[in-house]
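J.:
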Amino acid sequence: MLLEVRDLHVEFRTRDGVAKAVNGVNYSVDAGETLAVLGESGSGKSVTAQAIMGILDIPPGKITQGEILFQGEDLLKLKEDQRRKIRGAGMAMIFQDALSSLNPVLSVGEQLGEMFVVHRGMSRKDAKAKAIELMDRVRIPAAKERVGQYPHQFSGGMRQRIMIAMAMALEPSLIIADEPTTALDVTVQAQVMDLLAELQRELNMGLILITHDLGVVADVADDIAVMYAGRIVEQAPVHEIYKRPAHPYTRGLLDSIPRLDQKGQELYAIKGLPPNLMNIPPGCAFNPRCPRAQDICRTDVPPLADVTYDAAEPTATAPATAPGRKSACHFWKETLDDAS
Ligand code: ADP
Ligand code: MG
0 MLLEVRDLHV EFRTRDGVAK AVNGVNYSVD AGETLAVLGE SGSGKSVTAQ AIMGILDIPP
60 GKITQGEILF QGEDLLKLKE DQRRKIRGAG MAMIFQDALS SLNPVLSVGE QLGEMFVVHR
120 GMSRKDAKAK AIELMDRVRI PAAKERVGQY PHQFSGGMRQ RIMIAMAMAL EPSLIIADEP
180 TTALDVTVQA QVMDLLAELQ RELNMGLILI THDLGVVADV ADDIAVMYAG RIVEQAPVHE
240 IYKRPAHPYT RGLLDSIPRL DQKGQELYAI KGLPPNLMNI PPGCAFNPRC PRAQDICRTD
300 VPPLADVTYD AAEPTATAPA TAPGRKSACH FWKETLDDAS
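Numbering (numbering that gives the first Met the number 0), first residue to last: 0 to 339.
1) Of the choices Y26, G43, A141, whose alpha-carbon is the least far from that of A18?
2) Measuring only from the beta carbon, is K44 closer than 8 Å to any heavy atom that is part of ligand 1?
3) Tell whether a beta-carbon distance below 9 Å holds between G156 and A235.
4) Could you pull the DSSP bridge partners for G89 from this structure?
5) Distance check for R291 and G31, CA to CA, integer angstroms please.
6) At what residues does the alpha helix (DSSP H) containing K143 begin and finish?
7) DSSP three-state label for N286, please.
8) Ordered along the chain, which non-local residues of its own chain (more than five positions away) have a Cβ less than 7 Å from that of M192?
9) Reducing DSSP to helix, strand and coil, say where E10 ends up.
10) For L335, collect the residues of the same chain with a Cβ closer than 6 Å to its Cβ; drop the 5 residues on either side in sequence, then sort them by chain order.
11) Buried or exposed: where does L2 fall if 16 or more other Cβ atoms within 10 Å of its Cβ makes it buried?
12) Roughly how many angstroms separate the alpha carbons of S99 and V185, rounded to a whole number?
13) So, with DSSP's three-state summary, where would you put R297?
14) Just to confirm, is the Cβ distance from I163 to L194 under 9 Å?
15) Please state the DSSP three-state secondary structure of K78.
16) What is the DSSP secondary structure of G271, reduced to helix, strand or coil?
17) Cα separation between N34 and L111?
18) What three-state label does DSSP hand S27 in the structure shown?
19) Since K61 contacts V28 with CB under 8 Å, what's their CB separation in whole angstroms?
20) Please tell me whether, using a cut-off of 8 Å, the distance from the CB of T249 to the nearest non-hydrogen atom of ligand 1 is below it.
21) From L105 to I161, what does the alpha carbon distance come to, in whole angstroms?
22) On a CA-only basis, which of F285, A141, D125 is nearest E233? Give me that one, please.
23) Can you tell me which residues form a DSSP beta bridge with M226?
24) Does the Cβ-Cβ distance between D56 and E66 come in under 9 Å?
25) Quick check on V237: does DSSP put it in helix, strand or coil?
26) For the alpha helix (DSSP H) containing L202, name the first residue and the last one.
27) So Y241 and A268 are supposed to be a Cβ contact under 8 Å. How far apart are they, rounded?
28) For D125, report the span of its alpha helix (DSSP H) as first-last.
29) Within its chain, find whatever has a CB closer than 6 Å to the CB of L26; leave out the 5 residues flanking it on each side and keep chain order.
30) Can you tell me which residues form a DSSP beta bridge with R243?
31) Using a threshold of 9 Å, state whether the C-beta atoms of M343 and I54 are closer than that.
32) So for S172, helix, strand or coil by DSSP?
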């Protein structure tokens, strides 16, 4: 396994109290595989990614428990200089906002080239040639002419391509893309996502794709992990989850995607607000918003349990087993049945 996050807990200790941002996350990604991490804003998606990358804001952040195994080695046991080596060459991250992630006073060629100068000891001249090659690879037109231009001279979509080029430069085995297309126009979003997926396949990288938009992941992800209040509440192969969600929260997310065939109808929205992370409700954190909540949901935290189908006559859409499916809902069975 390329990356395995085990029982990760992260809190932020602030003047106002302790925010429990990540509360026992488990997920894994293999080479050549794309895991989409989905959930509303504040569910702990980025904090988990920052912990993996080793760029968490410590303090106020603190990893209180867990392991992050990268190629079998627990990153949390490494010294900062060892982690720095892994960043860039082993794993890299793409952020939502390219403009604030790129250096405004260096040309894109210098920034791309820097990766090769620092990590590979290349000469400036060779590094510039590499920069042009990378710009070509992410399909920036007229790379040779534009290599000396500054980030603000590029459009949002082109800047995001430059971010992708930076992340890919040293051909890392893992890429974490945190809302990589959220700031872009819809048409440009699809192009950037296609490019990312294509490079990921070509280089056989593991990809963690963080998004709050179920719509963008259907075509590119293998598996989906749905996060709520710092926990994974459902995990499944992507197509399974669309057909039959096994958690009422996932179901709510699916129902709130606009659909072309239901134009004009009122869009469903999950009622209520995400929980206050300084005061997460007892039991299932989703219970105050859940249409299915019973007494047990208000007292007992549901474990992330294997989902099995006990169809009397298994069919293609309802097989008897559900490999890789997990749900943290006391009523996952009933939720599955709702969808069929
Ligand atoms: P998202 O799922 O939207 O990416 P995040 O992982 O960024 O959510 O954040 C989860 C929660 O962690 C936030 O709602 C906030 O309470 C807390 N948090 C994140 N970063 C910080 C920080 N630098 N200082 C204090 N609290 C933070
Ligand atoms: Mg985020």
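Glycine residues also receive a C-beta, built at the ideal position from the N, C-alpha and C atoms. Keep in mind it's a predicted model, so treat the numbers as computed, not measured.
T.: Looking at the coordinates:
1) When only C-alpha atoms are compared, the closest one is G43.
2) Because some heavy atom of ligand 1 lies under 8 Å away, the Cβ of K44 counts as near it: yes.
3) Their beta carbons are not under 9 Å apart, which means G156 does not touch A235 by this criterion.
4) Note: G89 sits in no beta bridge, so no partner.
5) In a straight line, the C-alpha of G31 is about 37 Å away from that of R291.
6) From DSSP, the alpha helix (DSSP H) with K143 extends over 142-145.
7) Helix at N286.
8) Excluding sequence neighbours, M192 sits near T180, V215, V219.
9) E10 falls in the strand class under three-state DSSP.
10) Here L335 has R243, A245 as same chain residues with Cβ atoms under 6 Å from its own Cβ, once five neighbours each way along the sequence are excluded.
11) Classification for L2: buried.
12) Their backbone Cα atoms lie some 21 Å apart in a straight line.
13) In the structure shown, R297 sits in a helix (DSSP, three-state: H, G or I).
14) Yes.
15) In the structure shown, the three-state DSSP call for K78 is coil.
16) Three-state DSSP puts G271 in coil, outside helix and strand.
17) As written in the sequence, residue 34 is Leu, which differs from the Asn given in the question. Between the alpha carbons of L34 and L111 lies a gap of roughly 27 Å.
18) In the three-state DSSP reduction, S27 falls in the strand class (E or B).
19) With 8 Å as the limit, K61 and V28 do not qualify as a contact, their Cβ atoms being about 24 Å apart.
20) No; taking the cut-off as 8 Å, the Cβ of T249 has no heavy atom of ligand 1 nearer than that.
21) Whole-angstrom Cα-Cα distance: 13 Å.
22) Considering only alpha carbons, the answer is F285.
23) Bridge partners of M226 according to DSSP: I231.
24) Against a cut-off of 9 Å, the Cβ pair of E66 and D56 comes out as no contact.
25) It is helical.
26) Start and end: 185-202.
27) Incorrect: roughly 19 Å between the Cβ atoms, too far for contact.
28) For D125, the enclosing alpha helix (DSSP H) covers residues 123-136.
29) Contrary to the premise, residue 26 reads as Tyr rather than Leu in this sequence. Answer for Y26: V4, A224, listed in chain order.
30) DSSP output for R243 lists no bridge partner at all.
31) For residue 343 there is no data in the structure shown, the boundaries of the chain being 0 and 339.
32) In the three-state scheme derived from DSSP, where H, G and I count as helix and E and B as strand, S172 is classed as coil.
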